[in-house]
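Okay, so here's the structure we're looking at.
In my numbering, the protein residues as written are 737 to 1048.
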């Protein structure tokens, strides 16, 4: 199955009338906020310092790249979005933005992000940014998502690059800590996204997207959500016990990730007949977003306290 916008035509009931808010919606600002935050945390947690202007340029580049990749995703999947209740009112399927305009907007954002990062920060950070864009647009959106229920497992790497890029922007190299931060987001993504997929499963089935609950069933998905959440407990604490973060981060990571795992237990153990309002799945999904903000925020606090000599 392939997804393309070349055959997609906006409905006559929704005449084309692009507005700046529609282009902003293409960039998925809600998602970009989390991407920018983890990138900023990677930058602030890195040893050393960066000129504030250059730091702003790096964060701006990450935001532009994330927004551009999201716009490419909506351009490519416009036909699929039109079939799902959750996404049918997005700018392209609703007919408010022409597919060609969305594609050009996405290319402009992505091109500008790489150029600014390369000129302001360096071409190593810019190269990683290119890889992150390619990973999300080509590897995840065009290749994995329409073909395999493992799409979000492998595709999780797309959202894991920002803290790595932020770290490289400051230090100019890749060490153990940014790799661990990448891994945390990589393994956080499946339980986070599958929790959402559980209560919008019918949308994915209608659009023919092989998400895990649609292809492998709810039982298998629930067990995998629980398994990933449990694995997150030692993984999230790794920067602490491997000596790259302090005790404040260590304790907070165990508490935060322990709560993540506890919320995954009723999801994993729930029987197939107990569908009602999907409250455990919705709670886990909502907490998973708060969790990532909190975990990376504590990492920065830990670094500040270490630099101030408050903790060793």
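Using N, Cα and C, we set each Cβ at its ideal position, and we do this for glycine too.
Here DSSP, grouped into helix, strand and coil, assigns residue 978 to coil.
Fewer than three pairs of CB atoms, one per stretch, sit closer than 8 Å, so the region 973-981 makes no contact with the region 893-903. If only complete runs of 4 or more residues are kept, the region 820-879 shows the alpha helix (DSSP H) at 835-856 and 859-870, in order along the chain. Counted as a single uninterrupted DSSP element, the stretch harbouring residue 818 is not any alpha helix (DSSP H), since DSSP gives it neither H nor E. The alpha-carbon separation between residue 888 and residue 1044 amounts to approximately 40 Å. For residue 795, the number of other beta carbons within 10 angstroms of its own is at least 16, and it is reported as buried. With a cutoff of 9 Å on beta-carbon distance, residue 999 and residue 971 are scored as not near each other.
Residue range 983-1005 is occupied by the alpha helix (DSSP H) that includes residue 995. For residue 831 and residue 884, the gap between their C-alpha atoms comes out near 29 Å. A straight-line Cα-Cα distance of about 33 Å links residue 906 and residue 811. By the C-beta density criterion, residue 799 is buried, having at least 16 other C-beta atoms within 10 angstroms. Judged by DSSP secondary structure, residue 888 falls within the alpha helix (DSSP H) whose first and last residues are 887-891.
Shortest Cα-Cα distance from residue 845 to any of 808, 1024 and 965 involves 808. In this structure, DSSP gives residue 798 a helical state, which the three-state scheme calls helix.
In this chain, the alpha helix (DSSP H) harbouring residue 1043 covers 1015-1043. With a beta-carbon spacing of about 5 Å, residue 801 and residue 865 fall inside the 8 Å limit used to define contacts. With fewer than 16 other beta carbons inside 10 angstroms of its own, residue 792 counts as exposed. In the three-state reduction of the DSSP assignment, residue 910 falls in the coil class, being assigned neither a helical nor a strand state.
Excluding five sequence positions before and after residue 1031, the CB atoms of its chain that fall closer than 8 Å to its own CB belong to 920, 972, 988, 989, 992 and 993, given in chain order.
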